[in-house]
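A.B. asks: This structure is in structure tokens; I'll ask about it shortly.
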Amino acid sequence: MACTTNTSNCNCKKVPCGCEQGIHAAPPCATGTPACPNPEPCAETWSDCCVIHNGDSFSYVDKVVPFVVNQGERLCDILQRYFSYVECPPTATATPYGLKSKVVTATTINIGWTPLALADTYEVFYTPASVIAFVSAGIVPQNTSPNLTITGLSPNTTYYVKVIARYNSINSCSSVSLIIKTLVS
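Sequential numbering from 0 applies to the sequence shown in numbering that gives the first Met the number 0.
As structure tokens, then:
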């Protein structure tokens with residue numbers, strides 16, 4: 000597929016929406032679209048979650064589990080999986096990806112992730128950014144919704160949150176840590 004540069008009129012200026020090697024960016028002004036649900040209107044830059052892989056699906060295999068990129072996937076999800084993939088030992092199983100904060104309050108964080116077909120359970124870990132001592136927030140069975148609410152947090156504090164998957168009692172590598180700040184109380 001040829002890669003071209005398009006221009007989208009954002010009612011305030013023209014914004015280039017180019018692509019390179021099968022990756023293209025949705026116009027940042029297309030607010031509320033599935034490709035980019037929370038963009039800044041007419042912004043010069045936008046989140047890596049607004050960038051969609053537009054080329055053919057492909058896989059790379061040098062471990063037990065191949066690294067696969069599917070057409071239509073968001074760059075933020077691809078990058079989370081990639082960084083976990085390259086840091087995992089060659090015998091590691093698939094790593095959770097697609098971590099997103101769903102609801103954040105002054106004392107709680109609810110996160111979700113993309114479920115993995117072979118996982119039995121997931122365990123969520125968190126730590127204040129100032130301490131870096133991860134503790135378990137809980138275990139989530141595979142047959143439930145892939146999310147967990149972490150409670151008892153301090154207001155206005157930055158936390159790192161990560162998830163591991165378990166397959167027959169074998170831990171995956173941890174996901175890339177999500178950085179989330181609780182609200183001011």
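Cβ atoms here follow ideal geometry from the backbone N, Cα and C, with glycine treated the same way.
Identify every residue that forms a DSSP beta bridge with residue 130.
C.D. replies: DSSP lists no partner for residue 130.
A.B. asks: Can you list, in chain order, the residues of its chain whose CB lies under 6 Å from that of residue 133, leaving out five sequence neighbours each side?
C.D. replies: Contacts found: 124 and 126.
A.B. asks: So, helix, strand or coil for residue 115, using DSSP?
C.D. replies: Three-state DSSP puts residue 115 in coil, outside helix and strand.
A.B. asks: Report the rounded CA-to-CA distance for residue 182 versus residue 142, giving the unit in angstroms.
C.D. replies: About 31 Å.
A.B. asks: CA-CA distance, residue 1 and residue 55?
C.D. replies: Per-residue confidence for residue 1 stands at a pLDDT of 34, beneath the threshold of 50, marking its modelled position as unreliable; no derived number is given.
A.B. asks: Do you know offhand how far residue 104's Cα is from residue 137's?
C.D. replies: Roughly 19 Å separates the two Cα atoms.
A.B. asks: Given a threshold of 16 other Cβ atoms within 10 Å of its Cβ, counted over all protein chains shown, does residue 43 qualify as buried or as exposed?
C.D. replies: For residue 43, the predicted structure reports a pLDDT of 48, less than 50, and the residue's modelled location is therefore unreliable. A value from the coordinates is still provided. By the 10 Å Cβ count, residue 43 comes out exposed.
A.B. asks: Return yes when at least one heavy atom of the ligand COA lies under 6 Å from the C-beta of residue 165, else no.
C.D. replies: For the ligand COA, the structure offers nothing, since it holds no ligand at all.
A.B. asks: Give the DSSP-derived three-state secondary structure of residue 182 in the structure shown.
C.D. replies: Note: residue 182 maps to coil in three-state DSSP.
A.B. asks: What residues in its chain sit with their C-beta under 8 Å from that of residue 57, if we drop five residues either side in the sequence?
C.D. replies: Excluding residues within five positions, the ones whose Cβ falls inside 8 Å are 67 and 68.
A.B. asks: Exposed or buried, which one is residue 51 when buried takes at least 16 other CB atoms within 10 Å?
C.D. replies: Residue 51 comes out buried.
A.B. asks: Pick out whichever of 151, 156 and 78 has its Cα sitting closest to the Cα of residue 129.
C.D. replies: Considering only alpha carbons, the answer is 156.
A.B. asks: Leaving aside the five residues before and after residue 81 along the sequence, list all residues of the same chain whose C-beta is less than 7 Å from its C-beta, in chain order.
C.D. replies: Within the same chain, residue 81 has close Cβ partners 66.
A.B. asks: Alpha carbon to alpha carbon, how far is residue 108 from residue 101? Give it in angstroms, no decimals.
C.D. replies: Taking the straight line joining both Cα atoms gives about 8 Å.
A.B. asks: In the structure shown, what three-state DSSP assignment does residue 152 receive?
C.D. replies: Three-state DSSP puts residue 152 in coil, outside helix and strand.
A.B. asks: For the beta strand (DSSP E) holding residue 100, just list the boundary residues, first then last.
C.D. replies: It spans 96-103 - the beta strand (DSSP E) in which residue 100 sits, taken as one unbroken run.
A.B. asks: If you measure between the beta carbons of residue 146 and residue 111, is that distance less than 7 Å?
C.D. replies: Yes. Within cutoff.
A.B. asks: Of the residues 76, 106 and 73, which one's Cα is nearest the Cα of residue 148?
C.D. replies: Of the listed residues, the one whose Cα sits closest to residue 148 is 106.
A.B. asks: Between the beta-carbon of residue 215 and the beta-carbon of residue 121, is there less than 7 Å?
C.D. replies: An answer regarding residue 215 cannot be provided, because it is not within the stretch 0 to 184 covered by the chain.
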